[in-house]
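Each number in the numbering used here corresponds to the 1-based position in the sequence shown with 17 added.
One structure is given here, and the rest of the page talks about it.
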Amino acid sequence: MMLETYNLTKQFNGKGGFKDVSLSVREGEVFSFLGKNGAGKSTFIRTLLGILYPTSGMGLMLGKPIGDVETRKKIGYLPELFQYHTWLTGYELLYNHGLLYKMKKNEIKARIDEVLKIVGLEGHEHKKIKQYSKGMKQRIGLGSAILSDPLLLFLDEPTSALDPLGRKQVRDIIFKLKNEGKTIFLNTHLLSEVELVSDRVAILDKGEMKKIGTMKELLHSPLMLSVGNCSEKIINELKKIDPLLERVGNDIKMSVERDNDLPKIADSVVKNDGLLYMMKRKENVLEELFINTVGEEDVR
Ligand SMILES: Nc1ncnc2c1ncn2[C@@H]1O[C@H](COP(=O)(O)OP(=O)(O)OP(=O)(O)O)[C@@H](O)[C@H]1O
Ligand SMILES: [Mg+2]
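Okay, structure coming up:
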């Protein structure tokens, strides 16, 4: 396990933060922490990194207790709303970051070339950061987070401020890093982001973890049918696939795990003189799950 927490809690005078979070992150996965503003996502990452001291519970990173100084060197972190040193060039920012990580000068130079390629900023490294677009700033921030070639990377809302193209660029970098075998812990409130990049997701609400699972487990998307001439015979046939299907008039909602069952379902309807007006998987399932889990009210 790259990361394990056991009832980890960080509160500020008994308020805010997060409470009793137990989770584990496996090697090579993209794990997303999803929650509204104020849910406790950033506090969680900052506690893992030893920036904040936990109130109770415990955590292990790369097998060592959180806060361990040696482990910290193997970890990359892109804070939310990262403050860029706009007077520096991209190259200088990366170089200084390498010095902070106590890397050797030659090693830093060689690694900067690699990092610039990964984040797609080759040719822009000698421009001042104040001349960078927001997307470029975010990418140079990512570059500094991965400069030390960390095994485990924490990204706190890396795409929130970006336009769709910028988001895609950052997402592509995340895929590249995942393909290299890195483990990535991502904080986000963007559902689309989660659906596109995550292997597993946890939903945090007002400091409490409400759900955790693979995308497939959480997004078990029901099949929606609209059937004219819907007879008992048809329903009985469909119940062979999902005994708990729900029917309201012509509309049927059923749970179908295997796509191989879809042609059978269409067949059962048509062969029994039903009129198949519509058959599709329900959309926006993650959004529905999220809203149902955290509610629509703004509490914190
Ligand atoms: N240093 C602090 N002192 C007191 N309260 C804090 C502190 N840091 C965070 N909090 C409170 O803890 C809660 C969680 O904040 P946190 O920043 O972790 O949320 P978040 O999920 O990252 O939100 P966002 O999506 O807005 O970044 C909030 O209620 C916040 O006000
Ligand atoms: Mg935050």
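From the three backbone atoms N, C-alpha and C, an ideal C-beta is built for every residue, glycine too.
Which of helix, strand or coil DSSP assigns to residue i
i: Ile-251; result: helix
i: Leu-110; result: helix
i: Ser-165; result: coil
i: Pro-181; result: helix
i: Ile-92; result: strand
i: Phe-99; result: coil
i: Met-153; result: helix
i: Asn-246; result: coil
Candidates the options: closest to residue i by CA position
i: Phe-48; options: Gln-155, Trp-104, Leu-169; result: Leu-169
i: Lys-81; options: Leu-95, Lys-58, Glu-21; result: Glu-21
i: Lys-36; options: Glu-44, Met-75, Asn-54; result: Met-75
i: Leu-65; options: Ser-285, Lys-53, Cys-247, Ser-39; result: Ser-39
i: Ser-2; options: Asn-24, Leu-292, Asn-113; result: Residue 2 is absent from the structure shown; the chain starts at 18 and stops at 317.
i: Ala-219; options: Phe-50, Gly-33, Glu-44, Ser-41; result: Phe-50
i: Leu-240; options: Gly-183, Val-287, Tyr-94, Met-271; result: Met-271
i: Asp-166; options: Tyr-94, Gly-67, Arg-63; result: Tyr-94
i: Met-18; options: Lys-250, Leu-182, Lys-199; result: Lys-199
i: Tyr-149; options: Gly-183, Ser-177, Leu-207, Lys-126; result: Gly-183
i: Phe-307; options: Ile-251, Leu-236, Pro-181, Val-273; result: Leu-236
Any non-hydrogen atom of ligand 1 closer than 6 angstroms to residue i Cβ
i: Gly-55; result: yes
i: Lys-36; result: no
i: Gly-33; result: yes
i: Lys-58; result: yes
i: Gly-52; result: yes
i: Phe-202; result: no
i: Phe-29; result: yes
Residue i beta carbon near ligand 2 (any heavy atom closer than 6 angstroms)
i: Lys-81; result: no
i: Glu-97; result: yes
Burial state of residue i, where buried means 16 or more other Cβ atoms lie within 10 Å
i: Pro-71; result: buried
i: Met-320; result: Because the chain here runs from 18 to 317, residue 320 falls outside it and cannot be looked at.
i: Pro-175; result: buried
i: Gly-158; result: buried
i: Thr-103; result: exposed
i: Leu-172; result: buried
i: Met-226; result: buried
i: Lys-27; result: buried
i: Asn-204; result: buried
i: Gln-155; result: buried
i: Glu-44; result: exposed
i: Arg-217; result: buried
Identity of the residues DSSP links to residue i by a beta bridge
i: Lys-32; result: Phe-29
i: Leu-51; result: Thr-205, Ile-220
i: Arg-264; result: Ile-269
i: Ile-229; result: Ala-219
i: Met-280; result: Note that residue 280 is Pro in the sequence shown, not Met. Answer is none; Pro-280 lacks a bridge partner.
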